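A.B. asks: Here you go, one structure.
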Amino acid sequence: MNYSKKIEEAMQAMQKSLPRRRFIHSLGVAYLASSLAMAWGKNSQKSMLAGLLHDCAKCIPGDEALRRCMEYGIPVGDTEKKQPYLLHGKLGAWYAEHRYGVEDEKILNAIRFHTTGRPGMCFIEKNIYLSDYLEIGRTQSTVPPLDELRRMAFYDLDLAVYHAARNTVGFLSDKKREGKEIELDGSSILMLEYYEKLVQDRSNITKEMK
Numbered sequence: 184m185n186y187s188k189k190i191e192e193a194m195q196a197m198q199k200s201l202p203r204r205r206f207i208h209s210l211g212v213a214y215l216a217s218s219l220a221m222a223w224g225k226n227s228q229k230s231m232l233a234g235l236l237h238d239c240a241k242c243i244p245g246d247e248a249l250r251r252c253m254e255y256g257i258p259v260g261d262t263e264k265k266q267p268y269l270l271h272g273k274l275g276a277w278y279a280e281h282r283y284g285v286e287d288e289k290i291l292n293a294i295r296f297h298t299t300g301r302p303g304m305c306f307i308e309k310n311i312y313l314s315d316y317l318e319i320g321r322t323q324s325t326v327p328p329l330d331e332l333r334r335m336a337f338y339d340l341d342l343a344v345y346h347a348a349r350n351t352v353g354f355l356s357d358k359k360r361e362g363k364e365i366e367l368d369g370s371s372i373l374m375l376e377y378y379e380k381l382v383q384d385r386s387n388i389t390k391e392m393k
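In my numbering, the protein residues as written are 184 to 393.
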């Protein structure tokens, strides 16, 4: 696949189809993802393409996204039926494949799971999940702070994923306790548990070696 051409086509398509603020966010995700890929010795063009397209279905209203998923045969879970804004990852992966000609399943999965994450993600999935969370336009208060997490992503990807997942699940749990109609996606909880165990196991091994 000619990734340079795909990147150019995706950039032009996203600039036309996304609101300016969303397009700028997508550019930020794409450039951070590309930088992380270079730092980790991975294909930077694949990560840039995934970053550009990750929100290609973001601006479709929830009810319409649900309708299109049903029409295209995209599986929809109970949580997604209640909160159809979660479907933009799955729907975006469908568009990336069928409208933008992306054939690489790892890129499609990176788009598909960039919001919820999942256990055992490959590099590009972790990259897009983190780049979406950490791109320069993000300013929310987190623990550790975003600037620290941005640095962490360049030397410890799994630890950065764990902290991002913990912050996201914690934020949504707080909103639910405040009475907001929010239901935590099962994939996000499983992903947090997976990376928490991974980080803990790694820490225990380090202690045993001392």
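Just so it is clear, CB atoms sit at the ideal spot from N, CA and C, and this is done for glycine as well.
Since this is a predicted model, take the numbers as computed values, not measurements.
For the stretch 205-214 against the stretch 245-256, do three or more pairs of beta-carbon atoms, one drawn from each stretch, fall closer than 8 Å, so that the two count as touching?
C.D. replies: No: the two stretches stay apart, fewer than three of their Cβ pairs being nearer than 8 Å.
A.B. asks: With H, G and I counted as helix, E and B as strand and the rest as coil, what does DSSP make of Pro267?
C.D. replies: Along the sequence shown, read from residue 1 onward, the residue named residue 267 stands at position 84. Pro267: helix per DSSP, three-state reduction.
A.B. asks: Between Leu340 and Leu317, how many whole angstroms is the CB-CB distance? I'm expecting something under 8 Å.
C.D. replies: The residue given as residue 340 occupies position 157 in the sequence shown. The residue given as residue 317 occupies position 134 in the sequence shown. Between Leu317 and Leu340 the Cβ distance is about 11 Å, and since that is not below 8 Å, they are no contact.
A.B. asks: Express the C-alpha separation of Leu291 and Ser230 in angstroms, rounding to a whole number.
C.D. replies: Position 47 of the sequence shown, counted from the start, is the residue given in the question as residue 230. Position 108 of the sequence shown, counted from the start, is the residue given in the question as residue 291. Using only the alpha carbons, I get a separation of about 11 Å.
A.B. asks: I need the DSSP call for Cys242, collapsed to helix, strand or coil.
C.D. replies: In the sequence shown, the residue the question calls residue 242 occupies position 59. Reduced to three states, the DSSP call for Cys242 is coil.
A.B. asks: Give a yes or no on whether the C-beta atoms belonging to Pro302 and Glu366 are separated by under 9 Å.
C.D. replies: Start at 1 with the first residue of the sequence shown, and residue 302 comes out as number 119. Start at 1 with the first residue of the sequence shown, and residue 366 comes out as number 183. Cβ atoms of Pro302 and Glu366: not closer than 9 Å.
A.B. asks: Using the beta-carbon count (16 or more within 10 Å), is Glu154 buried or exposed?
C.D. replies: Outside the displayed range of the chain (184 to 393) lies residue 154, so it cannot be described from this structure.
A.B. asks: Check for me: the alpha helix (DSSP H) holding Tyr214 runs from which residue to which?
C.D. replies: Translated into the one-based positions of the sequence shown, residue 214 becomes position 31. Here the alpha helix (DSSP H) through Tyr214 covers Arg203 to Ala222.
A.B. asks: Pull up the CB-CB distance for Ile319 and Ala233, whole angstroms please, since I reckon it's below 8 Å.
C.D. replies: Your numbering for residue 319 matches position 136 in the sequence shown. Your numbering for residue 233 matches position 50 in the sequence shown. No, Ile319 and Ala233 are not in contact; Cβ-Cβ is about 18 Å, not under 8 Å.
A.B. asks: Does DSSP put Leu235 in a helix, in a strand, or in coil?
C.D. replies: Taking the sequence shown and counting its residues from 1, one reaches residue 235 at position 52. Three-state result, Leu235: helix.
A.B. asks: When you compare each of Gly300, Gln383, Tyr214 and Tyr278 to Ala348 by their alpha carbons, which one comes out closest?
C.D. replies: Taking the sequence shown and counting its residues from 1, the one referred to as residue 348 is at position 165. When only C-alpha atoms are compared, the closest one is Gly300.
A.B. asks: How big is the Cα-Cα spacing for Val382 and Gly260?
C.D. replies: Here residue 382 is taken as the residue at index 199 of the sequence shown, counted from 1. Here residue 260 is taken as the residue at index 77 of the sequence shown, counted from 1. About 29 Å.
A.B. asks: Mapping DSSP to helix, strand and coil, what is Val326?
C.D. replies: On the sequence shown, residue 326 is found 143 positions in, with the first residue counted as 1. In the structure shown, Val326 sits in coil (DSSP, three-state: anything other than H, G, I, E or B).
A.B. asks: So Leu236 packs on Ser314, CB below 8 Å; how close in whole Å?
C.D. replies: Position 53 of the sequence shown, counting from 1, holds the residue named residue 236. Position 131 of the sequence shown, counting from 1, holds the residue named residue 314. With a Cβ gap of about 13 Å, Leu236 and Ser314 do not count as contacting.
A.B. asks: What is the rounded straight-line gap between the Cα of Ala279 and the Cα of Cys239?
C.D. replies: The sequence position of residue 279 within the sequence shown is 96, counting from 1. The sequence position of residue 239 within the sequence shown is 56, counting from 1. Near 8 Å, if we compare the C-alpha coordinates of Cys239 and Ala279.
A.B. asks: Just the Cα atoms here: how many angstroms apart are Ile190 and Arg282?
C.D. replies: Residue 190 sits at position 7 when you count from the first residue of the sequence shown. Residue 282 sits at position 99 when you count from the first residue of the sequence shown. Distance between the alpha carbons of Ile190 and Arg282: 14 Å.
A.B. asks: Starting from Tyr186, trace the alpha helix (DSSP H) both ways and give me its first and last residue.
C.D. replies: As a first step, residue 186 must be located in the sequence shown, where it is residue number 3. Run containing Tyr186: Tyr186 to Ser200, per the alpha helix (DSSP H) assignment.
A.B. asks: Looking at C-alpha atoms only, which residue of Arg334, Leu269 and Asn350 is the closest neighbour of Thr325?
C.D. replies: As a first step, residue 325 must be located in the sequence shown, where it is residue number 142. That would be Asn350, whose Cα lies nearest to the Cα of Thr325.
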